[in-house]
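Sequence positions in the sequence shown follow this note's numbering and run 22 to 285. A short write-up of the structure that comes next.
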Amino acid sequence: MFPDLIDLGFLHLKTYGACMATGFLLCWWLVEKLSGRKDLSNLLLSLMISGVVGSRIAYVIEHWQAEFAANPLSVIRVDQGGLMFYGGFILAFLVFFGWCFAKKENPLKLADLLAAVIPLGHAFGRIGCFFYGCCYGRDSDCWCAVTFPEGSPSWFEHGRQMVSVLPTQLFEAAALLALFGGLMWLWFRFKHRDTEARRGMGDGVVLGFYLCGYAVIRFGIEILRGDPRAAVGPFSISQTISIVMIVVGSLFILNSKRKLALGE
């Protein structure tokens, strides 16, 4: 756990925020480099802002009674952690398609590239979670378990005791990096200019595999999480959204194959 990257009194930079900023900037650079376009700055900035806002709104809703009811002003303290990825993804998803509609842009073609790079930025965000100590796993005596120090979220949740827990933040970061590699391979193999190289895959296929791939990762990680989670029946909120994402992602994949077969 290393929550403060720089703390000079007059200059205070959280490691969590630095990791998020690094992930955002890497994604921004990759999108511009791979697309060869310099006119996407407004879109990318809008997606970053909506991603943070949506993530915070979802987290606050899920943890209102436990963390924010007694101190509503803490809602704005994003630098202290407390983001729910799915909330940011859903809001950014809506903003993206709204932008494409307004600009008369092909949404699926551009969405494929964005979907391929998102896991890289997300992995940096999860590393930031580890440095802050949030999103920790179940109690464990496994060889890979870690013990967060006094003052950490785990310490508070365990009755002000230091308990060994699974580093689910790092598990997810590793899985996201693997997903990033697979999606980039898919994008280059099937989507980069050469129609013949697509081998039966049309626009929207990378987006579909991203939705399915991350949903599977998140569903599994949720099983290992030990921090407080709101539930929807037998599943956590994130697991419920993951199930929906698998369905939606599968539809994108099937639709991409149908469009290519019809020559659209």
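Glycine included, each C-beta is placed from N, C-alpha and C at the ideal position.
With distances taken between CB atoms, is the gap from residue 259 to residue 229 smaller than 8 Å?
-> no
Residues in its own chain within less than 6 Å of residue 132 by CB, not counting five upstream and five downstream?
-> 228
Does the distance from the CB of residue 104 to the CB of residue 80 come in under 8 Å?
-> yes
DSSP bridge partner residues for residue 54 (one or two, in chain order) | In the DSSP output, where bridge partners are listed per residue, residue 54 has none listed.
Please classify residue 144: is it buried, with 16 or more other beta-carbons within 10 angstroms of its beta-carbon, or exposed?
-> buried
In whole angstroms, what separates the C-alpha of residue 261 from that of residue 241?
-> 12 Å
Would the stretch 138 to 154 and the stretch 35 to 49 be scored as touching if the rule is three or more Cβ pairs under 8 Å?
-> yes
In DSSP terms, what residue 257 is bridged to | 252
At least three beta-carbon pairs within less than 8 Å, the stretch 151 to 160 to the stretch 184 to 191 = yes
Going by Cα to Cα distance, which pick from 236, 89, 201, 256 is closest to residue 271?
-> 236
Where residue 123 and residue 179 are concerned, what is the direct C-alpha to C-alpha distance, given to the nearest angstrom?
-> 49 Å
Pull up the DSSP beta-bridge partners for residue 160, would you.
-> 186
Under 8 Å between the Cβ atoms of residue 47 and residue 141?
-> yes
Could you give the C-beta distance for residue 37 and residue 139, rounded to a whole number, given that I count them as a contact under 8 Å?
-> The pair is not a contact, with the Cβ atoms about 18 Å apart (cut-off 8 Å).
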